[in-house]
Amino acid sequence: MKQYFFQTAGSIIAGCGSLERIVEHLQRLGSLESVLLVSQPFLQSSGTLDEVTNLLKSGGIAVHWNTDVQPEPTIAQLEELYNAIAEIPCDAIIGIGGGSVLDVVKLLSVMKTNNLSVREMLGTDLIPNPGIPTVLIPTTSGTGSEVTPNAIVTLPEEELKIGVVSRYLLPALVILDPLLTLGLPRDITASTGMDAYTHALESFISNKANRFSDMFALESIRNISASILQAYHHGEDRKAREDMLIGSMYGGMALTCAGTAAVHALAYPIGGKFHVPHGVANSMLLPHVMEFNFDAIVDRLALVAGAMGLQTGAGKQRDAEQVIEQIRLWTQEMSIPQDLALFGATREDIPELSLAASQVTRLMGNNPKVMTLDDIGAVYGKLFH
Ligand SMILES: NC(=O)c1ccc[n+]([C@@H]2O[C@H](COP(=O)([O-])OP(=O)(O)OC[C@H]3O[C@@H](n4cnc5c(N)ncnc54)[C@H](O)[C@@H]3O)[C@@H](O)[C@H]2O)c1
Ligand SMILES: [Fe+2]
């Protein structure tokens with residue numbers, strides 16, 4: 005029998021309006037005198053940061069703010085942010101925002117308690133000490149970062165994105181309030197939703213898939229498939245937004261147990277070099293990588309077809325094909341760019357991108373079929389139309 009391991013956030017609260025109860029849940033973390041709230045300007049202008057600040061202050065907790073997180077942050081931006089907050093006294097760090105904010109908060113927390121540079125943390129289990137407690141409040145339904153031990157940073161010199169993986173990156177508390185995602189613009193709803201779906205699908209076909217990850221992955225796929233188009237077309241639909249937020253959290257749990265695979269490995273170089281947003285990069289690659297893997301994963305894809313609510317029963321091969329067709333229909337309907345040339349890339353970039361992707365061994369090793377440099381190059385080639 006296989007053995008499985010799973011770890012996640014300390015506590016998770018979810019549901020529309022759950023943010024209002026932040027103080028009550030924070031109190032369970034012990035006595036907090038002051039917290040640092042890390043976010044981005046859009047939440048300042050929407051009034052959310054003021055609201056949270058007032059709640060915290062009325063609970064007797066002093067609040068400091070920093071809203072300077074850049075999307076998909078580089079190491080230099082992260083270090084600059086750390087220098088700005090290093091002297092601020094805080095018992096916990098609260099992150100409200102998309103995956104970029106959540107990842108930054110996870111890293112700031114361990115930077116406070118470890119005398120290491122971010123570069124020295126890159127890789128798996130290289131952080132010796134726990135960080136200060138974090139509270140993660142996602143405003144996109146995509147990364148699932150709120151429940152994963154991962155944080156991703158961009159290395160502009162190497163034109164790559166790399167992960168820091170450590171159990172000390174897991175938060176003490178997660179708040180999933182779908183109301184925070186009602187105003188998410190359409191293009192971000194689409195790309196982040198596809199990122200979440202990719203986490204679930206890649207975990208389900210990963211070499212490391214197991215009973216824990218399968219449960220989270222299928223439930224993630226079920227929620228996202230039911231609601232991604234509704235959330236895209238009718239962003240104010242609370243039920244659709246809740247499905248997407250829960251689906252993305254389950255996707256994060258699935259990838260924590262099983263890992264993502266070649267789609268993510270190939271996405272990082274095009275994110276690092278051409279700044280393709282993470283969810284867009286995954287959406288572009290997903291059908292092509294699944295076609296490459298197809299013969300090894302027909303049985304699994306046929307099960308996915310059922311979870312997606314597709315008309316199944318015409319045989320496993322046909323059921324599996326429908327999954328890839330549906331992914332293509334989604335990306336068309338949600339107008340997610342499919343051409344890498346739109347981001348300034350040319351076919352001449354393929355060898356360098358392929359080499360970089362092949363070096364993401366942490367994820368490539370999870371792919372159900374080995375990909376040679378030529379295989380990777382052939383997939384990248386399909387992104388030029
Ligand atoms: N840690 C993990 O497990 C993990 C997994 C996958 C991806 N990631 C990383 O997460 C980052 C991407 O995160 P993301 O996809 O959530 O995007 P993001 O955090 O970069 O946000 C995308 C854009 O949406 C805006 N935004 C966020 N929430 C909004 C809202 N409610 N309303 C209006 N605008 C809003 C942001 O300001 C930003 O401009 C990448 O760096 C990626 O590599 C991490
Ligand atoms: Fe991702």
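Here this note's numbering runs 4 ahead of the position in the sequence shown, where the first position is 1.
Cβ coordinates follow ideal geometry from the N, Cα and C atoms, glycine included.
Residue i: CB within 7 Å of a non-hydrogen atom of ligand 2
i: H282; result: yes
i: N371; result: no
i: D379; result: no
i: T71; result: no
i: D433; result: Any property of residue 433 remains undetermined from this structure, which presents the chain solely from 5 to 389.
i: H268; result: yes
i: H2; result: Any question about residue 2 goes unanswered here, given that the chain covers just 5 to 389.
i: T202; result: yes
i: D54; result: no
i: T147; result: yes
i: D107; result: no
i: N118; result: no
i: N297; result: no
i: S286; result: Residue identity differs from the one stated: residue 286 is Asn in this sequence, not Ser. At least one heavy atom of ligand 2 is nearer than 7 Å to the Cβ of N286, so yes.
Within 8 Å, strictly: CB atoms of residue i and residue j
i: V122; j: L184; result: no
i: P175; j: L249; result: no
i: L60; j: V114; result: no
i: C94; j: V39; result: yes
i: S195; j: G283; result: yes
i: T152; j: G256; result: yes
i: I232; j: G197; result: yes
i: V108; j: L85; result: yes
i: G239; j: L188; result: yes
i: I340; j: G381; result: no
i: A262; j: S210; result: yes
i: P273; j: L164; result: yes
i: F296; j: V383; result: yes
i: Y236; j: T193; result: yes
i: T335; j: S287; result: yes
i: Y8; j: N214; result: yes
i: H268; j: Q342; result: no
i: E246; j: P182; result: yes
i: G101; j: V73; result: yes
Any non-hydrogen atom of ligand 1 closer than 7 Å to residue i Cβ
i: Q11; result: no
i: N154; result: yes
i: P75; result: yes
i: D191; result: no
i: T128; result: no
i: K165; result: yes
i: Q44; result: yes
i: G251; result: no
i: T196; result: yes
i: D199; result: yes
i: L188; result: yes
i: S104; result: yes
i: G256; result: yes
i: G395; result: Absent from the model: residue 395. The displayed extent of the chain is 5 to 389, so no value can be given.
i: T144; result: yes
i: L184; result: yes
Residue from the options with nearest C-alpha to residue i
i: V280; options: E223, L333, I331 and G348; result: G348
i: A360; options: T376, L346, P372 and N370; result: T376
i: A200; options: S358, A300, T78 and S145; result: S145
i: F298; options: E356, V374 and I232; result: V374
i: P204; options: A265, G239 and Q336; result: The sequence given here has Ala at residue 204, not Pro. When only C-alpha atoms are compared, the closest one is A265.
i: G64; options: V73, Q74, L53 and S35; result: S35
i: T117; options: A230, R215 and E91; result: E91
i: R304; options: I225, R245 and L173; result: I225
i: I136; options: V364, A345 and I98; result: I98
i: L47; options: L186, E325 and V267; result: L186
i: L367; options: D218, V169 and A13; result: V169
i: Y254; options: Q342, F296 and S217; result: S217
i: I131; options: G148, S149, A155 and G313; result: A155
i: N70; options: N58, Q44 and D54; result: Q44
i: I89; options: L222, D378 and L41; result: L41
i: S229; options: G101, G251, E329 and A318; result: G251
i: H68; options: D54, A324, A80 and E162; result: D54
Inter-residue CB distance, residue i and residue j (contact presumed, cutoff 8 Å)
i: V302; j: K320; result: 5 Å
i: V56; j: L23; result: 7 Å
i: I331; j: P291; result: 5 Å
i: S207; j: L259; result: 5 Å
i: D444; j: A311; result: Because the chain here runs from 5 to 389, residue 444 falls outside it and cannot be looked at.
i: A13; j: E150; result: 7 Å
Near ligand 3: residue i beta-carbon under 7 Å from a heavy atom
i: N297; result: With respect to ligand 3, the structure offers nothing, as its ligand set consists of ligand 1 and ligand 2.
Problem set entry | Length at least 4, wholly inside the region 186-255: the alpha helix (DSSP H) runs in chain order | Runs found: 190-209 and 215-237.
Exercise. For the region 311-389, which segments carrying the alpha helix (DSSP H) assignment without a break, of at least 4 residues, lie completely within its bounds, in sequence order?
Worked result: The region 311-389 contains these whole alpha helix (DSSP H) runs: 320-337, 354-362, 365-368 and 377-385.
For this session: Just list the alpha helix (DSSP H) runs in the region 114-167, keeping only unbroken ones of 4 residues or longer that don't cross its boundaries, in chain order.
Result: For the region 114-167, whole alpha helix (DSSP H) runs of length 4 or above, ordered along the chain, are 122-125.
Exercise. What beta strand (DSSP E) runs, 3 residues minimum, are completely inside the region 70-120?
Worked result: As far as the region 70-120 is concerned, its whole beta strand (DSSP E) runs of at least 3 residues are 96-101.
Problem set entry | alpha helix (DSSP H) runs contained entirely in the region 256-305, provided each spans 4 or more residues | Segments of the alpha helix (DSSP H) lying fully in the region 256-305: 266-278.
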